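S.K.: Protein chains in written order, with our numbering: chain A, 36 to 116; chain B, 491 to 902.
Ideal placement from N, C-alpha and C gives every residue a C-beta, glycine not left out.
Because the structure is a prediction, the values reported are computed rather than measured.
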Amino acid sequence: MALTQDEVLAGIRDIVVEVAGIDGALVSLEKKFADDLDVDSLSMVEVIVAAEEKFSVKIPDDEVTKMATVADAVNFIVAHS
Amino acid sequence: MSKTRVVVTGLGATTPLGGDVPSTWEALLAGKSGVRLLPEGMLTSVNVKFAATIAVEPAEVMKPVEIRRLDRSEQFAVIAAREAWADAGSPEVDHERLGVVVASGIGGVTTMLEQYDILREKGARLVSPHTVPMLMPNGPAANVGLEFKAQAGVHTPVSACASGAEAIGYAMEMIRLGRADIVIAGGVEAAVHELPMAGFAAMKALSTRNDDPTRASRPYDKDRDGFVLGEGGGIVILESLEHAEARGAKIYCELAGQGLTSDGYHIAAPDPSGSGVTRAVKFALRDSGVDLSEVVHLNAHATSTPAGDVAEANALTAALGEHMSHVAVSATKSMTGHLLGGAGAIESVFVVLALKHRLAPPTINIENLDDAVKVDVVRDVPRPLPSGPIAAINDSFGFGGHNVVLIFKSYE
Chain A
36 MALTQDEVLA GIRDIVVEVA GIDGALVSLE KKFADDLDVD SLSMVEVIVA AEEKFSVKIP
96 DDEVTKMATV ADAVNFIVAH S
Chain B
491 MSKTRVVVTG LGATTPLGGD VPSTWEALLA GKSGVRLLPE GMLTSVNVKF AATIAVEPAE
551 VMKPVEIRRL DRSEQFAVIA AREAWADAGS PEVDHERLGV VVASGIGGVT TMLEQYDILR
611 EKGARLVSPH TVPMLMPNGP AANVGLEFKA QAGVHTPVSA CASGAEAIGY AMEMIRLGRA
671 DIVIAGGVEA AVHELPMAGF AAMKALSTRN DDPTRASRPY DKDRDGFVLG EGGGIVILES
731 LEHAEARGAK IYCELAGQGL TSDGYHIAAP DPSGSGVTRA VKFALRDSGV DLSEVVHLNA
791 HATSTPAGDV AEANALTAAL GEHMSHVAVS ATKSMTGHLL GGAGAIESVF VVLALKHRLA
851 PPTINIENLD DAVKVDVVRD VPRPLPSGPI AAINDSFGFG GHNVVLIFKS YE
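Here is the structure:
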């Protein structure tokens, strides 16, 4: 069964809190990983690896480079789960 | 041309004796041992079951995300640097005139080994993207540089157990050369892991006094059988006297000079002639302009190895001659263990405090003084140092034949 956007957002929120150490309330769809959430390019690798494990999806590297916002990541995962 | 005078205006530390400078100094004066049995999970086939592990775990004073992104050695550096910077009054600085020199002997060895385990067990994809910034030996310096936005230069001398002292000397030269007004300087080490321990044990360098760990580090004692591995680090804030005075900084003392030599003798064993050490002390005296009669205290390298302690004591006597009998010698590794790349830094912190409080810290665990040790060792309780202008020496040596001697002098 496909995951809902809310389910994926909640999972991404948990991952970003762990990886970047920020308040989970800050993690919403329109936020940019690098500018708003202190997820730099190194930490983005951690987010992606953790998301792949959590949602059992494969996220190709060229997709990762296009994921500027939380919504970009959530929508990709929803579409491919 | 006279040299730019360099003073110490801040101190920071995290050590086996305490999570900061005041708690470490208090435990040091009380003659406490920072050596502990290793926890169950760290016991291995290595025949050394103890180490001088850190008193306050970094996770107690840092955010989880910092713990995640920083190697343990980097955590120590940032913790000690924060304390030192606050102690210096958190000065407003021109970032282009702020430097960092923080050393490590081995670098992020625990990160490297843990990530290697992950690579072998789970594959490359799960290796942390922070692996390289965490294992690189310049990582502690780089992270301190980031924390305080240092832009005058961030450096990492690597000379095994002389690294911390070499960093402080390098920092002094940055100020003398006019490259910086303030430099955050020191050294750290976080190598309490079975592989480095197995390596040191294979060299027969570590004490194996497993039945009595707190008495294992016993410099100058007849029955010393090797050093005790320690972890942690120390940081000093160095500043040009002019800059310190202009901002009304509290001044602990002056870093007056340094002497650097190398043995060219053996990769690990001390040169029995001690000529490299003797020359380094003489160079440091000349560089500092300190009169020999002012030297009243020395924090020795004295790691508690059978060969090293006596070779050092003899070399010091050769350098200072008759005056050596007037120098109160402390071997603080008897309490802290050997912090490797952090040793010269934390021992410089101790020298600075000894000058400030006019108190030489004790050396513990000497049950029977080795007859071959001819220097005046401060035993068991602290010893008052004289009033008036005084100076003190910190010497550090490293595998590879590195000799570093720093001379600090009182400032009034």
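Can you give the Cα-Cα distance for P872 of chain B and V52 of chain A, rounded to whole angstroms?
M.R.: Position 382 of the second sequence holds residue 872 of chain B. Position 17 of the first sequence holds residue 52 of chain A. Answer to the nearest angstrom: the Cα atoms are 49 Å apart.
S.K.: Could you tell me the distance, in whole angstroms, from the CA atom of V785 of chain B to the CA atom of R666 of chain B?
M.R.: For the purposes of this step, residue 785 of chain B is taken as the residue at position 295 of the second sequence. For the purposes of this step, residue 666 of chain B is taken as the residue at position 176 of the second sequence. V785 of chain B and R666 of chain B: Cα-Cα distance of roughly 23 Å.
S.K.: Are the C-beta atoms of V80 of chain A and some chain B residue less than 7 Å apart?
M.R.: Walking along the first sequence from the start, residue 80 of chain A turns up at place 45. Taking Cβ atoms only, chain B reaches closer than 7 Å to V80 of chain A, which makes this a yes.
S.K.: Measuring only the C-alpha atoms, how far is M79 of chain A from F68 of chain A?
M.R.: The residue you call residue 79 of chain A lines up with position 44 of the first sequence. The residue you call residue 68 of chain A lines up with position 33 of the first sequence. Answer to the nearest angstrom: the Cα atoms are 8 Å apart.
S.K.: Going by the CB atoms, is the gap between V54 of chain A and V82 of chain A shorter than 7 Å?
M.R.: The count along the first sequence starts at 1 and reaches residue 82 of chain A at position 47. The count along the first sequence starts at 1 and reaches residue 54 of chain A at position 19. Contact: yes.
S.K.: State the Cα-Cα distance for the pair K612 of chain B and T601 of chain B, rounded to the nearest angstrom.
M.R.: Translated into positions along the second sequence, residue 612 of chain B becomes position 122. Translated into positions along the second sequence, residue 601 of chain B becomes position 111. Using only the alpha carbons, I get a separation of about 16 Å.
S.K.: Against chain A, with Cβ distances strictly below 7 Å, would K553 of chain B count as a contact?
M.R.: Here residue 553 of chain B refers to the residue found at position 63 when the second sequence is read from its first residue. Answer yes: the Cβ-Cβ gap between K553 of chain B and chain A drops below 7 Å somewhere.
S.K.: In chain order, which continuous runs of the alpha helix (DSSP H) of length 4 or greater are located wholly inside the stretch 683-736 of chain B?
M.R.: Listed in chain order, they are 684-692 and 731-736.
S.K.: Tell me whether S820 of chain B is buried or exposed, calling it buried when 16 or more other Cβ atoms sit within 10 Å of its Cβ.
M.R.: On the second sequence, position 330 is the one that residue 820 of chain B refers to. Buried, since its Cβ has 16 or more Cβ neighbours within 10 Å.
S.K.: With 16 other CB atoms within 10 Å as the buried threshold, where does D96 of chain A fall?
M.R.: Within the first sequence, residue 96 of chain A is the residue found at index 61, counting from 1. When all chains shown are included, D96 of chain A counts as exposed.
S.K.: So if DSSP puts H892 of chain B in a beta bridge, which residue, or which two residues, is it bridged to?
M.R.: Taking the first residue of the second sequence as 1, we reach residue 892 of chain B at position 402. In DSSP, H892 of chain B forms a bridge with B:S752 and B:G888.
S.K.: Using a 10 Å radius around the Cβ and a threshold of 16 neighbouring Cβ atoms, would you call N633 of chain B buried or exposed?
M.R.: The residue labelled residue 633 of chain B in the question sits at position 143 within the second sequence. So N633 of chain B counts as buried.
S.K.: Using C-beta distances below 6 Å, list every residue in its chain close to E656 of chain B, excluding the 5 sequence neighbours before and after it, in chain order.
M.R.: The residue you call residue 656 of chain B lines up with position 166 of the second sequence. These residues qualify, in order along the chain: P647, S649 and V894.
S.K.: Might you give, ordered along the chain, the residues of its own chain that have their beta carbon closer than 6 Å to the beta carbon of S523 of chain B, omitting 5 neighbours on each side?
M.R.: For this step, residue 523 of chain B is matched to residue 33 along the second sequence. Counting only Cβ-Cβ distances below 6 Å, and skipping sequence neighbours, we find T704 and M825.
S.K.: Does R559 of chain B come out as helix, strand or coil in the three-state DSSP assignment?
M.R.: As a working note, residue 559 of chain B is residue 69 in the second sequence. In this structure, R559 of chain B counts as helix in the three-state DSSP scheme.
S.K.: Do you know how far the Cα of V498 of chain B is from the Cα of A803 of chain B?
M.R.: On the second sequence, residue 803 of chain B is found 313 positions in, with the first residue counted as 1. On the second sequence, residue 498 of chain B is found 8 positions in, with the first residue counted as 1. Looking at the two C-alpha atoms, the distance is approximately 27 Å.
S.K.: Rounded to the nearest angstrom, what separates V767 of chain B and G827 of chain B at their Cα positions?
M.R.: For the purposes of this step, residue 767 of chain B is taken as residue 277 along the second sequence, with counting starting at 1. For the purposes of this step, residue 827 of chain B is taken as residue 337 along the second sequence, with counting starting at 1. Near 22 Å, if we compare the C-alpha coordinates of G827 of chain B and V767 of chain B.
S.K.: Return the chain-ordered list of same chain residues with a C-beta closer than 7 Å to the C-beta of R708 of chain B, the five sequence neighbours on each side being excluded.
M.R.: Residue mapping note: residue 708 of chain B aligns to position 218 of the second sequence, counting from 1. Same-chain partners within the cutoff: R714, S794, S824, N855 and I856.
S.K.: Going along chain B in order, which residues have a C-beta closer than 8 Å to the C-beta of V84 of chain A?
M.R.: For this step, residue 84 of chain A is matched to residue 49 along the first sequence. By Cβ distance, chain B contributes R615 and L616.
S.K.: Quick check on R495 of chain B: does DSSP put it in helix, strand or coil?
M.R.: For this step, residue 495 of chain B is matched to residue 5 along the second sequence. DSSP places R495 of chain B in coil when its eight states are reduced to three.
S.K.: Report the residues of the stretch 601-630 of chain B with a CB closer than 8 Å to any CB of chain A, ordered along the chain.
M.R.: Correct list: R615, L616, S618, P619, H620 and P623.
S.K.: Name, in chain order, the residues that DSSP records as bridge partners for P874 of chain B.
M.R.: Position 384 of the second sequence holds residue 874 of chain B. According to DSSP, which records beta bridges pairwise, P874 of chain B is partnered with B:L849.
S.K.: Is the Cβ-Cβ distance between V673 of chain B and A631 of chain B less than 7 Å?
M.R.: For this step, residue 673 of chain B is matched to residue 183 along the second sequence. For this step, residue 631 of chain B is matched to residue 141 along the second sequence. Result no, Cβ atoms of V673 of chain B and A631 of chain B do not sit closer than 7 Å.
S.K.: Under 8 Å, with one C-beta from each stretch per pair, do the stretch 832-850 of chain B and the stretch 738-745 of chain B reach the 3-pair mark?
M.R.: Yes, the stretch 832-850 of chain B is in contact with the stretch 738-745 of chain B.
S.K.: What's the gap between the Cα of F717 of chain B and the Cα of T494 of chain B?
M.R.: Residue numbering aside, residue 717 of chain B sits at position 227 when the second sequence is read from its first letter. Residue numbering aside, residue 494 of chain B sits at position 4 when the second sequence is read from its first letter. Going from the Cα of F717 of chain B to the Cα of T494 of chain B covers about 38 Å.
S.K.: Starting from N789 of chain B, trace the beta strand (DSSP E) both ways and give me its first and last residue.
M.R.: As a first step, residue 789 of chain B is located in the second sequence; it is residue number 299 there, counting from the start. Looking at the DSSP string, the run of the beta strand (DSSP E) that includes N789 of chain B is V785 to N789.
S.K.: Tell me where the alpha helix (DSSP H) around A774 of chain B begins and ends.
M.R.: As a working mapping, residue 774 of chain B is identified with position 284 in the second sequence. It spans S765 to S778 - the alpha helix (DSSP H) in which A774 of chain B sits, taken as one unbroken run.
S.K.: Which residues in the same chain as D860 of chain B place their Cβ atom closer than 8 Å to its Cβ, once the five residues preceding and following it in sequence are excluded?
M.R.: In the second sequence, residue 860 of chain B corresponds to position 370, counting from 1. Only Y710, D711, K712, R714, D799 and V800 meet the Cβ criterion.
S.K.: Which value, in whole angstroms, describes the spacing of the CA atoms of A850 of chain B and P529 of chain B?
M.R.: Residue 850 of chain B sits at position 360 when you count from the first residue of the second sequence. Residue 529 of chain B sits at position 39 when you count from the first residue of the second sequence. Spanning the two alpha carbons is a distance of roughly 33 Å.
S.K.: Do you know offhand how far V726 of chain B's Cα is from E98 of chain A's?
M.R.: The count along the second sequence starts at 1 and reaches residue 726 of chain B at position 236. The count along the first sequence starts at 1 and reaches residue 98 of chain A at position 63. Near 46 Å, if we compare the C-alpha coordinates of E98 of chain A and V726 of chain B.
S.K.: Report the residues of the stretch 43-64 of chain A with a CB closer than 7 Å to any CB of chain B, ordered along the chain.
M.R.: Under the 7 Å Cβ criterion, the stretch 43-64 of chain A contributes A55 and G56.
S.K.: I'd like to know whether the C-beta of L72 of chain A is nearer than 7 Å to at least one C-beta of chain B.
M.R.: Position 37 of the first sequence holds residue 72 of chain A. For L72 of chain A, the answer is no, since every Cβ of chain B falls outside 7 Å of its Cβ.
S.K.: Within 10 angstroms of the Cβ of H585 of chain B, are there 16 or more other Cβ atoms? Answer buried if so, exposed if not.
M.R.: Position 95 of the second sequence, counted from the first residue, corresponds to residue 585 of chain B. Burial call: exposed.
S.K.: Measure the Cβ-Cβ separation of F898 of chain B and V841 of chain B and say whether it is below 7 Å.
M.R.: If you number the second sequence from 1, residue 898 of chain B lands on position 408. If you number the second sequence from 1, residue 841 of chain B lands on position 351. Yes, these two residues count as a Cβ contact at 7 Å.
S.K.: Have a look at I503 of chain B and I658 of chain B and give me their C-alpha separation to the nearest angstrom.
M.R.: The sequence position of residue 503 of chain B within the second sequence is 13, counting from 1. The sequence position of residue 658 of chain B within the second sequence is 168, counting from 1. The sequence given here places Ala at residue 503 of chain B; Ile does not occur at that position. Rounded to the nearest angstrom, the two C-alpha atoms are 14 Å apart.
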